[in-house]
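The sequence shown maps to residues 468 to 960 in the working numbering.
Yeah, the Cβ is synthetic: ideal placement off N, Cα and C, and Gly gets one too.
Fair warning: this is a prediction, and the values are worked out from it, not measured in the lab.
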Amino acid sequence: MKESAIIIGGGVGGLCTAARLLKEGYAVTVYEKEDKIGGRAHRLEQDGYVFDTGPTLLMMTDVLYDTFTFCGKNLDDYIDLIQLEPNYQVAFADKSKITVSSNLPKFQAELARFDPNAPEQFYRFFADVSEMYRISRNDFIDKNFNQITDFINVRSGAKLLQKRGLSKLYTFVSRYFQDERLCQLFSFQSMYLGVSPHEAPAIYSMVSYMETGLGIWYPKGGMYSLSLALQKLVKDLGGTIKVNSPVKQILIENKQAIGIELEYKKEVRADIVIANADLVYTYKNLIAQEQRPKMPDTKLDSFNQASSALLFYWGVDDECADMLHHNVYLCKDFKANLDQIFHEKILPTDPSFYTYIPTKTDPKLAPNGKNVFYVLVPVPNLKGKNDWKKGITKIRSQVLSRLKTEFGLDIESKIQTERVFTPQDFETKFNLTSGSAFGLSHHFFQSGYFRPHNYSKDISSLYFVGASTYPGGGIPMVTLSAKLVVERIIGNN
């Protein structure tokens, strides 16, 4: 008889875990509380417009190919990936713009407009961060940790120290570039993980390499197509997915997870349980405190949650002529903006923001001649005290004003449909602690070995996958998280 596994949550990490376990011979059932799979990689359809509601940047596609190959399938049979060129454009408050490209001669010419020495500076930077990516991938990202020496060892540590990989990201970048705008250009990417570049370890500069060296990709049909591809993979391998099935508690006997109780009182037994829900939420809400002495509420409350995001989904009757698929605006006082979000935990007075217009690549996502317009504004999580209703109205107005002045885009009167998604929504819809859009923060002492492990030290047969365990947040990392937790399960059994 097959061993059985229950997965709580049908996000990308949960679905990748399900697929790998099915290939390993397990009988797998995924329980998802929402009416659709995908977790944060969700979709909204409204008035003829199709919006991705969560992740919008796809990098490190090799980890997705590896997942399908491991399962005996070909990713290309499930989804059509398109490499974007150029990658994105960034507008600065001084009205200058730069287009980031994986075509290095083109990008070199763009950099030279800002500083004639910048191309040479970039190639030194690029060489170092590509090496940091290789070190990180081999020694920190793509491995399980059993003891601290698995994380901090002489060989890899010496290499990282040589590359200044443990310094702060912004400080690291400023060693290469003199122009302040370029320092911002090559450090803001830590915001993808909900951490300030002034606090993130320099090792996260590898994201710049991932963007420029490996490229940014787009799944035809939108990012939710990836969730659908993973759902099909799980079903093709014989797995079961049950939506509208919120879990009330994890069943534990003799310090072992033996199944789950659903909200509608039904109990389901299994040999192992894997939680793809937020790790802090899982421990605090699905497991009684006396069952987890090594993970009490006091410890869970001490974890540093990442920042959040305020999202606007607009259906726009405009060609958005000068916009690309991805666009970024960085405000005048970038440091003050970061301090407000991460330290003061107040809504930014002059917000930076990011826009995603997938209809630039995939026009079928909107009515003819119109555009899907997604705006993400970095904001604090819910630990700060903010007047969100008033703040959202103000930020919306500021974004529309900046689009007009910095991008020449006057769309306020052309918004035909709208939806807003707030940190409160992240908390209620996805059970994300403090409404953090990115899960646990990625500072050094919440990275690698120091991040919550993908198994419970109190309860056998209980495992974790997703953004709040290692290696961390983002589609590539939660995909790797699935690989690591399955390796852990197979190794334990």
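Boundaries of the beta strand (DSSP E) in which residue i is found, first to last residue
i    : result
T900 : First-last for T900: undefined, no H or E at that position.
L564 : A quick correction: the sequence has Lys, not Leu, at residue 564. From DSSP, the beta strand (DSSP E) with K564 extends over 564-567.
E728 : 723-729
A472 : 471-475
D806 : Segment 801-806 is the alpha helix (DSSP H) holding D806; no beta strand (DSSP E) there.
Y916 : Where Y916 is concerned, there is no enclosing beta strand (DSSP E), given that its DSSP letter is neither H nor E.
I413 : An answer regarding residue 413 cannot be provided, because it is not within the stretch 468 to 960 covered by the chain.
T765 : No beta strand (DSSP E) contains T765, which is instead part of the alpha helix (DSSP H) from 764-769.
L511 : 510-513
D519 : 516-519
L843 : 838-846
Minimum C-alpha distance to residue i - residue among the options
i    : options                : result
S880 : L849, V795, F809, W781 : W781
E730 : I717, T679, Y671, F589 : I717
Y676 : K837, E598, L697, Y637 : E598
N835 : D785, I808, D800, D854 : D785
I942 : S694, P583, I504, E577 : S694
F905 : S654, P847, I565       : P847
V842 : K850, T828, Y796, E811 : Y796
Y493 : S563, A508, I504, I474 : I474
I549 : F809, S692, V640       : S692
D789 : D544, L867, E873       : E873
L489 : V783, G705, A934       : G705
N804 : I754, T566, S663, V640 : S663
Q656 : E491, L636, P553, Q807 : L636
K469 : Q513, F593, E491, C483 : E491
I739 : T496, S769, C483       : T496
C798 : A742, Y821, P572       : Y821
F559 : D817, R591, Y748       : D817
Q575 : P553, K562, V844       : P553
L525 : Y659, K850, V953       : Y659
A773 : V866, E666, C483, S712 : E666
D646 : S563, K732, Q865       : S563
P713 : K500, S935, R487       : K500
Residue interval of the alpha helix (DSSP H) (run including residue i)
i    : result
R591 : 585-603
I942 : 942-959
S775 : That residue, S775, is in no alpha helix (DSSP H); its beta strand (DSSP E) goes 775-783.
V479 : 479-490
V710 : Element bounds for V710: n/a, residue is neither H nor E.
R580 : 571-581
Y748 : 746-753
T638 : 636-641
V701 : 691-703
E647 : 647-652
Q865 : 855-874
Per DSSP, cross-strand counterpart(s) of residue i
i    : result
T826 : T826 pairs with nothing; no bridge assigned.
S927 : Q723
N794 : Q556, T822
T884 : G782
W684 : L525, Q550
E734 : E728
A494 : S471
L718 : G726
CB contact below 7 Å: residue i versus chain C
i    : result
L791 : Reference to chain C is not applicable here, since this structure consists of a single protein chain.
Residue j beta carbon less than 7 Å from that of residue i
i    : j    : result
I746 : F931 : Sequence check: residue 746 is Leu here, not Ile. Yes, the pair counts as a contact, with Cβ atoms nearer than the cut-off.
R955 : N611 : yes
A485 : V701 : yes
G682 : S569 : yes
G478 : G506 : yes
M527 : Y600 : no
G476 : V945 : no
L551 : H810 : no
Q651 : F535 : no
L951 : V530 : no
A669 : S634 : yes
Y750 : L778 : no
P586 : A579 : yes
F840 : V783 : yes
K924 : K761 : yes
T884 : D514 : yes
Whole-angstrom C-beta distance between residue j and residue i, which should lie under 8 Å
i    : j    : result
S903 : F893 : 7 Å
S775 : P890 : 4 Å
D502 : V710 : 5 Å
F982 : R642 : One cannot answer for residue 982 here, as it falls past the ends of the chain, which runs 468 to 960.
S928 : A724 : 4 Å
Y937 : N921 : 7 Å
M690 : T523 : 6 Å
D547 : P686 : 7 Å
G858 : L814 : 4 Å
Check: residue i C-beta below 6 Å from any heavy atom of the ligand NAD
i    : result
T895 : Within the structure as shown, the ligand NAD is missing, as the structure has no ligands at all.
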